[in-house]
Amino acid sequence: MIFSSLALSSVVTELAVRPLERMLGTVRQIALTVFKFSAEVMEGTEEGDDGADIDSSNEMKLLEKVVQKLAIVADLQSANKLHATEDMQDEDLGILSMMQGKNVVDEQKAVAQARKSCAVPRKKALVPTVRLEDFGVSQEVYQSWGFNALPLTKTQRTSLAVFTISRFHEAGDGFVSSQDEQQRLQRFVGAVEREYLPVPFHNFAHAVDVTHGTARLMNIISSESFLTDLEQYVLLIAAVAHDLGHPGVNNGFLSEVGHELALQYNDRSPLENMHCAKLYTIVANPLMNVFSKLSKEQYKEARKNCIEVILHTDMMGHGAMVKDLQMTYQMNQEVFSNKIEGPMINGNNIAELEIFTQAETKLLVMECILHSADVSNPCRIWDTSYAWAMVCLEEFFAQGDQEKMLGIPVQFLNDRDKLNKPNSQIGFIEFMIAPFYAAQIRLWPSLHELGDNLTSNLAQWADMWEKEVNPTDEEKGKVHGRVNKVRENLQDASTRGGTQTGQRG
32 MIFSSLALSS VVTELAVRPL ERMLGTVRQI ALTVFKFSAE VMEGTEEGDD GADIDSSNEM
92 KLLEKVVQKL AIVADLQSAN KLHATEDMQD EDLGILSMMQ GKNVVDEQKA VAQARKSCAV
152 PRKKALVPTV RLEDFGVSQE VYQSWGFNAL PLTKTQRTSL AVFTISRFHE AGDGFVSSQD
212 EQQRLQRFVG AVEREYLPVP FHNFAHAVDV THGTARLMNI ISSESFLTDL EQYVLLIAAV
272 AHDLGHPGVN NGFLSEVGHE LALQYNDRSP LENMHCAKLY TIVANPLMNV FSKLSKEQYK
332 EARKNCIEVI LHTDMMGHGA MVKDLQMTYQ MNQEVFSNKI EGPMINGNNI AELEIFTQAE
392 TKLLVMECIL HSADVSNPCR IWDTSYAWAM VCLEEFFAQG DQEKMLGIPV QFLNDRDKLN
452 KPNSQIGFIE FMIAPFYAAQ IRLWPSLHEL GDNLTSNLAQ WADMWEKEVN PTDEEKGKVH
512 GRVNKVRENL QDASTRGGTQ TGQRG
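In short: position in the sequence shown from 1, add 31, done, that's my numbering.
Written out as C-alpha cells, the structure reads:
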C-alpha cells in the first residue's frame, strides 16, 4: 500500500505539479516583462489627458498584454506534435520517429486500436598568426559556410582545431595566451582526435566541422556582447569533444540491444553522457588540462556548462529547444520587433542583450549554439552540404545493416535498400532543421545566410528527387508546396515578420 501511494504521488508530481510549477514560472517571467514594458509606456503618457476613458487606460492595455502573452504561452506549450499521415513516405516517417524517439507508426496504430476497442462501446575576431593555407584551407573559405573538413588530412584537421580554439580571442586574451597553454591545447586536441573512431560521420572531421561552426556562429551573432570569454572558450572545447568515442550508432540502437552504455546511463542520452565522461577523463591528465588556468569557481562553472551543452546535442531534446527559442522571441516580441528603441552595442540593441544575459536564456543560447553547429550541414553551401549528407546516410545504413543482422527492427532512415536519399533530406530539412533555424534567425537576423543556404539546398534535393523518382504532377506539386512553405517561413524569420526593413549581416 505504501509503495502504491509513493508511486501514485510520483505520477501526480510529474503529470500535474511540475508542469504547473513550470507554467507559473513562465507566467511570472511574462509579468516581469510586461510590467517593465508598461513602466515605459506610463512614463510616456504621464503628461497625457487625465480624462482618457477606461478602455484606453494603461491598466486595460496592461491587462490586454498579459492576456496576449498567456495566449502565446498556451499556444506554444500545447502545440500538437506532428503525426504520421497516410500520404507520408517512409523517409518522412523516419524523420518523425527520430524527432520523437519512437516508432510513430507503431504508436499511432496502437492508439488507433485502443480507441477502436473503447469505441465499441565584445567582438573577438579570428586573427590568424599562421597561414591557414598550410592547413589545407584558404582564409576566404575558412570564414565562410563553404568550409569542409572531410577532404583534409588528420594533421590538417588537428591544426585547424587548435587554431580555431586558440585564435578565437585576440592575442593575449582568452585562455590560450602563452606558449605553455598552446602546447597543452595541442596535446589535448591530439588526445581528443585519438578518441574519435573511424566511423563515416561522427568522426574527428565532424568534430572539426562543429568547432568551426561554433566559432562562426559566435562571431556572427556578436556573442561577446552577452557571453563571457570563459563561456565562449567552453563552447569551443565542448565542440571539439562533443562526440568523443561515438560508435556510429544512435541511442535508440544502444537501448534496443541492451548495450553497456544504455545500461550504465539508464537509457538517458547514453552517448552524450559518454562523450562528457571521456572529455573529463582526458582533462584529468595535467598535461592536457585545458582548464588548468581557471580558478575553482571558474572550473565549476565551466564543467557545468560543458556538460549541459553536450547533453543538449541529443536529438531527443531538439523539439524542446525549438519551442524554447520560439518562446524567447514571443515573450519579448516588443524588444525584438524594434518597438523599444535604444542604444546599440556591436550592432545589438541593449534591450536584446539584457534578454540574452539572463541566466536561463544565456544557457539556452549556449546550448543552441553548439546544437546549431552540430546540425549545420544542411545550411552549408551545396557541395559541402551534399558531401556531409552522403557520409551521414552511410553511417545510418551501416547501423541498418547491423539491425538486419541482429534481427531487430530497422529504423526508418537506415535501410539502404529502401530509402530514397533526396526525399529523406527533404523531410529532415522540413521537419527538423528549418523550424530550428527559423527560430534562431528571428532572434539573430544576422544568421540569414544560413536560411538562404538551407532554402537553396532544399530546392536542390527536390530537383534530385524528381530526376530519380519521375513523380506525377500531383506528387511534384506537393513537394514544391513543401519547399515553398519552408522558403516563406525562413524569409519571414529573417525580417522578423516584416517588422524590419533590413537585415543585419
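Ideal Cβ positions, reconstructed from N, Cα and C, are used throughout, including at glycine.
- If you draw a straight line from the Cα of P229 to the Cα of A269, it is about 20 Å long.
- Where P453 is concerned, the enclosing alpha helix (DSSP H) starts and stops at K452 to F459.
- Taking one beta carbon from each stretch, the stretch 236 to 254 and the stretch 176 to 183 have 3 or more pairs nearer than 8 Å; the two touch.
- Rounded to whole angstroms, the separation of the alpha carbons of T503 and R247 is 42 Å.
- With respect to P231, V422 sits close: the two C-beta atoms are nearer than 7 Å.
- As the crow flies, the alpha-carbon of F199 is around 21 Å from that of E480.
- Distance between T242 and W475, taken at the CA atoms: about 20 Å.
- In the three-state reduction of the DSSP assignment, N379 falls in the strand class, which pools E and B.
- For the stretch 250 to 289, the continuous alpha helix (DSSP H) assignments of 4+ residues that do not extend past its boundaries occur at 260 to 272 and 282 to 288, in sequence order.
- For the pair K449 and E497, the Cα-to-Cα distance works out to about 17 Å.
- Nearest to G528 by alpha-carbon distance, out of L310, Y330, V314 and S368, is S368.
- With at least 16 other beta carbons inside 10 angstroms of its own, H402 counts as buried.
- Assigned with DSSP and collapsed to three states, G431 falls in helix.
- Taking a cut-off of 8 Å on C-beta distances, the stretch 184 to 192 touches the stretch 217 to 225, as three or more cross pairs fall below it.
- Straight-line measurement puts the Cα of E506 at about 45 Å from the Cα of C337.
- In the three-state DSSP reduction, Y468 falls in the helix class (H, G or I).
- One thing to note: H306 has its Cβ within 7 Å of the Cβ of I341.
- With respect to A308, P301 sits apart: the two C-beta atoms are not nearer than 7 Å.
- If you look at T526, you'll find it isn't in any alpha helix (DSSP H); DSSP assigns it neither H nor E.
- DSSP places I400 within a helical segment (H, G or I) once states are collapsed to three.
- 7 Å or more divides the Cβ of N515 from the Cβ of C410.
- Around the beta carbon of N501, fewer than 16 other beta carbons lie within 10 angstroms, which makes this residue exposed.
- Annotation: the continuous alpha helix (DSSP H) that includes R188 extends over K185 to S197.
- Considering only E519, A470, P440 and R447, the residue with the shortest C-alpha distance to S286 is P440.
- The count of Cβ pairs closer than 8 Å, one atom from the stretch 446 to 462 and one from the stretch 323 to 338, stays below three, leaving the stretches out of contact.
- Contact annotation, V353 with A470: C-beta distance approximately 5 Å; criterion of less than 8 Å satisfied.
- Residues A222 of the same chain have their beta carbon placed closer than 8 Å to that of N316, with the five preceding and five following residues left out of the count.
- Taking C-beta atoms as the reference points, G244 and S407 count as a pair closer than 7 Å.
- H200 carries a coil assignment under DSSP once its states are collapsed to helix, strand and coil.
- Per the C-alpha coordinates, the member of E171, D298, A390 and Y173 positioned closest to M347 is D298.
- Around the beta carbon of L437, fewer than 16 other beta carbons lie within 10 angstroms, which makes this residue exposed.
- For A308, the enclosing alpha helix (DSSP H) has its first and last residue at P301 to V314.
- Shown here, R513 sits in a helix according to DSSP, grouped into three states.
- Less than 7 Å separates the beta-carbon of E226 from that of L275.
- Relative to the Cα of N304, the nearest Cα in the group Y330, A272, V321 and S323 belongs to A272.
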